[in-house]
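Below is one structure, written out as structure tokens; the observations come after it.
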Amino acid sequence: MSTRVTYQEVHVSRAIHVFRTPDRFVAGTVGEPGDRSFYLQAVQEPRVVSVLLEKQQVKVLADRMGLLLDEVARRFGADVPPQGDDVRDVDPLVTPIDTEFRVGTMGLGWDADAGAVVVELLAITETEVDESVVLDDTEEGPDAVRVFLTPIQAREFALRSARVIAAGRPPCPLCGEPLSARGHMCVRTNGYKRGEIFGAAELDEE
């Protein structure tokens, strides 16, 4: 007696986490300067979604968001707040951090009907992502986080992100590379550690 086994193909739909009215959307870090992990976190109670990304990705997103706001104000006359200096939300990330995915592709747009900046963060994949899946609900594509921000929230995100990035290691005044507590191999001083040189100078001054 033979038994025939049939297999049914199962399609797993991508997960798209949508935040239309988030309580907060911020960049933050975990770890000490020089060994920090960067996260973006969207919060809309009771949901919290955190994604991991590179420092440079945070900078690119913040810079382009600022440019987008300026362009929207110029072209569409949207009510966009000017660039400010004060960050209102200085609270740390919500913990514990449960990383949803590492970010690969990022998308940014303007929803004229909602009057909102739309941020889309797509999970990193082994293959190149088709740009058509960005800001699209198609089932074919990587998992994503989609956040709608008011112009005020978007401006706040850009400013806070800049502060988060700047809170890392200070740059060497000679070569511009990041300094560390263990010293710095500076190419402008033939390989001497800048920490050692600065320490000697400080002792002489005392």
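FYI, the numbering for the sequence shown is 5 to 210, going by my numbering. We treat Cβ as the ideally placed atom computed from N, Cα and C, and that holds for glycine. This structure is a prediction, so every number in the text was calculated from the model and none was measured.
If you draw a straight line from the Cα of S54 to the Cα of P96, it is about 13 angstroms long. In this structure, DSSP gives Q87 a state outside helix and strand, which the three-state scheme calls coil.
When Cβ pairs closer than 8 angstroms are counted between the two stretches, the region 106-126 is seen to touch the region 153-171, the count reaching three or more. In the three-state reduction of the DSSP assignment, S17 falls in the coil class.
Here T33 is buried: its Cβ has 16 or more other Cβ atoms, across all protein chains shown, within 10 Å.
Pairing S165 with A77 gives a Cβ-Cβ distance that is not under 9 angstroms. D83 has its alpha-carbon roughly 9 angstroms from the corresponding atom of L73. Per the Cβ contact rule, the region 97-107 is in contact with the region 43-52 (3 or more Cβ pairs under 8 angstroms). Restricting attention to alpha helix (DSSP H) runs no shorter than 4 residues, the region 113-190 encloses them at 155-170, ordered along the chain.
Taking the C-beta atoms as reference points, R167 is found no nearer than 9 angstroms to G88. In the three-state DSSP reduction, V52 falls in the strand class (E or B). When DSSP states are grouped into helix, strand and coil, G70 belongs to the helix group. Secondary structure note for A31: its beta strand (DSSP E) is the uninterrupted segment R28 to V34. Residue pairing by DSSP places Q45 opposite V30 and S54 in a beta bridge. Under a 10 Å Cβ-count criterion, C179 is classified as exposed, with fewer than 16 other Cβ atoms of the shown protein chains found around its own Cβ. The criterion of a C-beta distance shorter than 9 angstroms is not satisfied by D141 and L126. Rounded to the nearest angstrom, the gap between the Cα atoms of G172 and G113 is 29 angstroms. In this structure, the CA atom of I20 is about 32 angstroms from the CA atom of P37. Closest in C-alpha terms to P85, from the list C176, A170, I169 and A162, comes A162.
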